[in-house]
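The structure appears right after this line, and notes come after that.
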Amino acid sequence: MSDGKSTQDTMTSDGPVGVGSVVSAPVVPEIERRQRPRPKISTTPPAPPPPPRLQDYAPIIGQPELDELHFLAKQLHGKTVKMVNSTAVGGGVAEMLNRLVPLMNELEVVTRWDVITGGNDFFEVTKGFHNALHGGEYAVTQAVKDIFLMYTEQNRQRMDFSEDLLVMHDPQPAALIRSKRSDHGRWVWRCHIDLSNPNPEVWGFLRPFVDQYDAAIFSSPAFSRQLACPQYLFYPCIDPLSEKNKDLDESVVQKMCDDFGIDRSRPIVTQISRFDRLKDPVGVIQAYKLAKKYVDCQLVLAGGGATDDPEGAAVLQEVMEEAGDDPDVIILNLPPWSAIEINALQRASTLIVQKSLKEGFGLTVTEGLWKGKPVIAGAVGGIPTQVIHKLTGVLVHSVEGCAYQIRYLLTHPDYAAQLGRHGREHVKENFLMTANVERWLLLLQILLGTAHPQPPED
Amino acid sequence: MATANMTAVARRKARAPFHFNSAAHLIRIGREKAGNLSELLEALRVCPDESIFQHTFQTLREHHFIREGFSNDFAHWAFASCNEVGLAERLAGIDVREVTSIAALRQRLVDIVEDHLQQNPRARDRAAFEPFYFSASEVVVVPTPFVAQDLEEFADGIRHVSLTSIHFHFIDARLRLKLDSNDFSLWLKHELDVAAVADRINRIDIYTSTLHDVRRAILRFVQGALG
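Sequence lines, in order, name chains A and B. Counting with the numbering used here, you get residues 1 to 458 for the letters of the first sequence. Counting with the numbering used here, you get residues 1 to 227 for the letters of the second sequence.
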């Protein structure tokens, strides 16, 4: 999901890099540091576990809440939904659809998932659109329009649009709205992108398509735009039963820490994110150094992006230079399939930091909150929706602020624990996959006219 | 004697059963947005009723796990994004139990912000750290399988329904009923003639309790009557 990019889809595949361990030589020069053990992580992605069943969520959200989903779905039995996006594997949208579609079908709301096809020229255009909708530059030439519309037309010919609800994810399939019929089917545009500051030329080209939809969905009010159709808020979500978020045996967490050379008898401050300047990993080390003058702790920076991305490699280099020879700074460059490792690191942590300078929704924050950890996070993007300052975590705006909060939370464990408890409840209420299933069922009911929302009494 | 009374209460059948319902909510993104307090004031005057409902009644459900420091979205924004502690305190002091209509609630909000801006004119156009985005709640009522004919069954329902159901009957109900009461208390008082229990339940403080606490307190009062 472009607005809620999880760590899993952004990491590299070169294996973990502990402090002092050998890094891919051409990418990151070796830095003399204390030797740490180098744990074994598979060099290829493991087979995905079977998706969970709806009933598996009962112990997490409660049986009454699950019964409510069944009730909402009952009125939709026989209705059909089609989800359309641009890729079946990789990326947050595919990850989310992989979980959502089976759950909808289990609820007997027949949900199909179709992927648009196109040549490299099409995906180059849509990548340009994507970046431009985030505010970047892109020239919408006639050739660009022709490529986009030609592949749209090909997909229109190939696909069937007979479902009751048709959901197009992001700009790539947006123009399929040309297949909308006046007598059947409601169309929804699910925009995972922050549209608050789009390139006017690209948005000007796409907007006439978007205006034909019956509804649009955004991940945050801040990401939306004024449109002719009603706009709904669907938060990005995490799956509590996924490898990255499921409960882990204490022995797994301990072994992972042993493997990574992390001392669990001392406080652990962790930031999970790819090596990207917008995540400010160097700022996190500076905050750690300031805090360490007063409190003892270790810092774990775990993520990816340093192997397949030249900028990521440069950032990792900066991070290692900033860390110097401090043995308590543990830098881990993990492959994209390190879900269990990330899960264990988050669970082992005393504090989770996400000191981003710019952010989509920030699903790593959601993951940390779900694990009941006190979270210190930059007040950017979708983070303030999750971290309500001093209630479900703390927001910071500077290195100094981050350092102070590390000191404060490490020396006030009761307060930190309360933030963690509230943070987990906040995620349970708003940011779990099951909450998203409920939103889809409600939207279906409202758009298909099987439910009529009650206005507040006045 | 007390035990006999309790037994009688336990055996008593309600004149009409209590049907436990719940509610599902979908958030619609509103058109109004405030970047400072004067824009907030303007938006408060014109936003749909559903937005006032969302940012006061509904937000209590969404943040039900917080015992202190959270009352409604307007108060939180005034505190966190505008650094207007005095205004935040006054807005947080609004008790949704004391209002029985959205119009009255809207007026209370407008009056407080207006008064604050009169006393602090420089706060009027000071840019907030983050804008306030108005949204609105679309509510669909969801029935549950739980129905109570007597106090035992009522306790069973309270024990098993979702927290959203508790919120629906205990907090949202005030707007439906247009009374300073809630669905539980009204049923207990009028259908089961246990006015004392009804009154004790109605006095549970939703601003210092989580919905889990509310559930526990209701059960405690009902169990006390059952003996």
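Backbone N, C-alpha and C fix where the C-beta goes; we use that ideal spot for every residue, glycine too.
List the residues of chain A whose Cβ lies closer than 9 angstroms to the Cβ of T144(B), in chain order. What you label residue 144(B) is simply residue 144 of the second sequence in a count that begins at 1. Within chain A, the residues near T144(B) are P64, D67, E68 and F71.
Look at the alpha carbon of A10(B) and the alpha carbon of G227(B), and state the distance between them as a whole number of angstroms. Locating residue 10(B) in the second sequence gives position 10, where the first residue counts as 1. Locating residue 227(B) in the second sequence gives position 227, where the first residue counts as 1. Looking at the two C-alpha atoms, the distance is approximately 8 angstroms.
Return yes when the Cβ of D183(B) is within less than 7 angstroms of the Cβ of A173(B), no when it is not. As a first step, residue 173(B) must be located in the second sequence, where it is residue number 173. As a first step, residue 183(B) must be located in the second sequence, where it is residue number 183. The answer is yes: Cβ separation under 7 angstroms.
Can you name the residues of chain A whose CB is closer than 8 angstroms to the CB of Y207(B)? As a working mapping, residue 207(B) is identified with position 207 in the second sequence. Per Cβ cutoff of 8 angstroms: no residues; Y207(B) is ~14 angstroms from chain A at best.
How about P267(A) and T350(A): are their beta carbons less than 7 angstroms apart? The sequence position of residue 267(A) within the first sequence is 267, counting from 1. The sequence position of residue 350(A) within the first sequence is 350, counting from 1. Yes, these two residues count as a Cβ contact at 7 angstroms.
Let me check understanding here. Comparing Cα to Cα, which of K246(A), G204(A) and K145(A) lies closest to Q346(A)? As a position in the first sequence, residue 346(A) is number 346, starting the count at 1. The option with the nearest alpha carbon to Q346(A) is K246(A).
Could you round the C-beta distance between A228(A) and W189(A) to whole angstroms and report it? I think they count as a contact, below 8 angstroms. Counting from one through the first sequence, the residue named residue 228(A) turns up at place 228. Counting from one through the first sequence, the residue named residue 189(A) turns up at place 189. Actually they are not in contact, since the Cβ atoms of A228(A) and W189(A) sit about 12 angstroms apart, beyond 8 angstroms.
Thinking C-alpha only, which one of G135(A), M150(A), R186(A) and D326(A) is nearest D296(A)? Position 296 of the first sequence, counted from the first residue, corresponds to residue 296(A). Out of G135(A), M150(A), R186(A) and D326(A), D326(A) has the C-alpha closest to the C-alpha of D296(A).
What three-state label does DSSP hand I352(A) in the structure shown? Position 352 of the first sequence, counted from the start, is the residue given in the question as residue 352(A). Strand at I352(A).
Residues of the stretch 143 to 166 of chain B with a CB closer than 9 angstroms to any CB of chain A: list them in chain order, please. P143, T144, P145, F146, H160, V161, S162, L163, T164 and S165
Near G420(A), what residues of its chain come up, given a Cβ to Cβ distance below 7 angstroms and the 5 sequence neighbours on each side ignored? For this step, residue 420(A) is matched to residue 420 along the first sequence. Only G372, K373 and P374 meet the Cβ criterion.
Quick one: is V147(B) buried, meaning 16 or more other Cβ sit within 10 Å of its Cβ, or exposed? Position 147 of the second sequence, counted from the start, is the residue given in the question as residue 147(B). That one is exposed.
Whose Cβ in chain B lies nearer than 7 angstroms to the Cβ of S224(A)? In the first sequence, counting from the first residue as 1, residue 224(A) sits at position 224. Here the neighbours are I29.
Contact between the stretch 155 to 165 of chain B and the stretch 63 to 74 of chain A (3+ Cβ pairs under 8 angstroms): yes
Taking 7 angstroms as the CB-CB limit, is I204(B) close to chain A? For the purposes of this step, residue 204(B) is taken as residue 204 along the second sequence, with counting starting at 1. Chain A, which has no Cβ nearer than 7 angstroms to the Cβ of I204(B), makes this no.
Within 10 angstroms of the Cβ of S219(A), are there 16 or more other Cβ atoms? Answer buried if so, exposed if not. By one-based count along the first sequence, residue 219(A) stands at place 219. So S219(A) counts as buried.
Going along chain B, which residues have a C-beta under 7 angstroms from R439(A)? To locate residue 439(A), count along the first sequence from 1; it is residue 439. Correct list: L26.
Have a look at P17(B), H25(B), L26(B) and P48(B) and flag the residue whose alpha-carbon is nearest the alpha-carbon of E32(B). To locate residue 32(B), count along the second sequence from 1; it is residue 32. Of P17(B), H25(B), L26(B) and P48(B), the residue nearest in Cα terms is P48(B).
Do you know how far the Cα of E400(A) is from the Cα of L442(A)? Sequence index remark: in the first sequence, residue 442(A) carries index 442 (1-based). Sequence index remark: in the first sequence, residue 400(A) carries index 400 (1-based). For L442(A) and E400(A), the distance between alpha carbons rounds to 44 angstroms.
For Y232(A), the first and last residue of its enclosing beta strand (DSSP E): Within the first sequence, numbered from 1, the residue matching residue 232(A) stands at position 232. From DSSP, the beta strand (DSSP E) with Y232(A) extends over Q231 to L233.
Chain A partners of E130(B), CB-CB under 7 angstroms? For this step, residue 130(B) is matched to residue 130 along the second sequence. Here the neighbours are P384.
By Cβ distance, which residues of its chain are closer than 7 angstroms to L192(B), with the 5 residues on each side in sequence left out? Position 192 of the second sequence, counting from 1, holds the residue named residue 192(B). Correct list, in chain order: R12, A14 and L151.
With 16 other Cβ atoms within 10 Å as the buried cut-off, status of H167(B): By one-based count along the second sequence, residue 167(B) stands at place 167. Buried, by the Cβ-count rule.
Less than 7 angstroms between CB atoms is the rule here; does S185(B) satisfy it with respect to chain A? On the second sequence, residue 185(B) is found 185 positions in, with the first residue counted as 1. False, the Cβ-Cβ gap to chain A never drops below 7 angstroms.
S265(A), buried or exposed, once every other Cβ within 10 Å from all chains shown has been counted against 16: Working through the first sequence from its first residue, we reach residue 265(A) at position 265. Per the 10 Å Cβ criterion, exposed.
Would you list, in sequence order, the uninterrupted alpha helix (DSSP H) runs of no fewer than 4 residues that lie entirely inside the stretch 156 to 221 of chain B? 163 to 167, 173 to 177, 183 to 190 and 195 to 202
Residue of N105(A), P45(A), H77(A) and D56(A) minimising C-alpha distance to Q445(A): By one-based count along the first sequence, residue 445(A) stands at place 445. It is H77(A).
Are the C-beta of G449(A) and some C-beta of chain B separated by less than 7 angstroms? Here residue 449(A) is taken as the residue at index 449 of the first sequence, counted from 1. Not closer than 7 angstroms to any Cβ of chain B, the Cβ of G449(A) fails to qualify, so no.
Considering just the uninterrupted stretch of the beta strand (DSSP E) at A24(B), what are its terminal residues? Locating residue 24(B) in the second sequence gives position 24, counting from the first residue. First-last of the beta strand (DSSP E) with A24(B): F18 to A34.
Using a Cβ-Cβ distance under 7 angstroms, would F70(B) count as near chain A? Here residue 70(B) is taken as the residue at index 70 of the second sequence, counted from 1. Yes, F70(B) lies at the interface with chain A (some Cβ there is under 7 angstroms from its Cβ).
Whole angstroms is fine: what's the gap from T7(B)'s alpha carbon to A196(B)'s? The residue you call residue 7(B) lines up with position 7 of the second sequence. The residue you call residue 196(B) lines up with position 196 of the second sequence. Cα to Cα, the separation comes out at about 16 angstroms.
Against chain B, which members of the stretch 222 to 251 of chain A pass a CB distance test of less than 8 angstroms? A222, S224, Q226, P230, Q231, Y232 and L233
For a test of the three-state rule: what should DSSP assign to I193(A), helix, strand or coil? Working through the first sequence from its first residue, we reach residue 193(A) at position 193. Three-state result, I193(A): coil.
Smallest Cα separation from P59(A): which of S273(A), L241(A), D276(A) and F129(A)? Position 59 of the first sequence holds residue 59(A). Ranking the options by Cα distance to P59(A), first place goes to L241(A).
What does H422(A) touch in chain B if you count any residue whose Cβ is under 9 angstroms from its own? As a working note, residue 422(A) is residue 422 in the first sequence. H63, F65 and I66, listed in chain order.
In whole angstroms, give me the CA-to-CA distance for L409(A) and P17(B). The sequence position of residue 409(A) within the first sequence is 409, counting from 1. The sequence position of residue 17(B) within the second sequence is 17, counting from 1. About 50 angstroms.
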